[in-house]
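Undergrad:
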Amino acid sequence: MTETLTFYTNPMSRGQIARWMLEETGAPYETVILDYGTTMKAPDYLAINPMGKVPAIKHGNAVVTECAAICAYLADAFPQAGLAPDPAHRADYYRWLFFAAGPLEQAVTNKSLGFTVPADKTMMAGYGSFEAAMDGLEAAVSGKTYIAGNRFSAADVYVGSQIGWGLAFGSIEKRPAFESYWAGICERPAYLRGKEIDNGLMPKQEG
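Counting from 1, position 101 in the sequence shown corresponds to residue 101 in the numbering used here; the numbering is continuous, with no gaps.
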């Protein structure tokens, strides 16, 4: 019997990343839409994610939170989708997936909040400086179609989402390497399906 796959999200959240990954797997899933400050903080959902944030997935009895972890889990749970690279390319897969989830996200968030690491404290910050994080990201994608090996993987979903969002909203620098990498993956059918679904769930703007 196939285990039920449930996706907890809000369309105006990082749940868009997990949605893209779910669409890439081709696996059927149920969606539960949660609202900030109400159902996201209700006891039923806090039992799923004590942080009271989305996204999260429940696959049978397994619960996974955090976008990068969801991407990696789904790649392993649905191997037929081919979203985890072969062993020879797992090093880049793990390296850049966790780089984007850790140092890159910290650097982008802090810059968006107007926080700059003092020059004499960069050794204490996991990302050093925003510029160093941008240089690391550029090294990850320069001259590549995919971030790990010669085929698309879950790491491209996560890293690509960070770059696509950053380019659209100005939270990362518009370097040619970023624009080229994003242009190579942003027309994937699964990405476009996910965007269409989430756009349809957005609150309607009053005219």
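Ideal Cβ placement from N, Cα and C applies to all residues, glycine included.
From Leu74 to Tyr127, what does the alpha carbon distance come to, in whole angstroms?
TA: For the purposes of this step, residue 74 is taken as the residue at position 74 of the sequence shown. For the purposes of this step, residue 127 is taken as the residue at position 127 of the sequence shown. Each residue's Cα considered, the two are about 27 Å apart.
Undergrad: May I ask which residues mark the beginning and end of the alpha helix (DSSP H) holding Lys246?
TA: No information on residue 246 is available, as it lies outside the stretch 1 to 207 that the chain covers here.
Undergrad: Looking at the structure shown, is Tyr8 part of a helix, part of a strand, or coil, going by DSSP?
TA: Position 8 of the sequence shown, counting from 1, holds the residue named residue 8. Here Tyr8 sits in strand by DSSP.
Undergrad: Assuming contact is defined by CB atoms lying nearer than 7 Å, are Phe99 and Ala27 in contact in what I supplied?
TA: Counting from one through the sequence shown, the residue named residue 99 turns up at place 99. Counting from one through the sequence shown, the residue named residue 27 turns up at place 27. Not in contact: Phe99 and Ala27 (Cβ atoms no closer than 7 Å).
Undergrad: If we require 3 or more residues per run, which beta strand (DSSP E) segments fall completely within the segment 116-148?
TA: If we require 3 residues or more, the segment 116-148 turns out to have no beta strand (DSSP E) run fully inside it.
Undergrad: By alpha-carbon positions, which one of Lys121, Ile57, Ile185 ends up nearest to Ala69?
TA: Looking up residue 69 in the sequence shown gives position 69. Looking at the Cα atoms, Ile57 is the closest of the given residues.
Undergrad: Keeping to the same chain, check which residues put their C-beta closer than 6 Å to that of Gly149; ignore five residues upstream and five downstream.
TA: Reading the sequence shown from its first residue, position 149 is the one you call residue 149. Same-chain partners within the cutoff: Pro85, His89.
Undergrad: Strictly by DSSP, which residues pair up with Glu30?
TA: Your numbering for residue 30 matches position 30 in the sequence shown. Answer is Thr6.
Undergrad: Could you give the DSSP three-state label for Thr58: helix, strand or coil?
TA: Here residue 58 refers to the residue found at position 58 of the sequence shown. The question names Thr, yet the displayed sequence has Lys at residue 58. Of the three classes helix, strand and coil, the one that applies to Lys58 here is strand, per DSSP.
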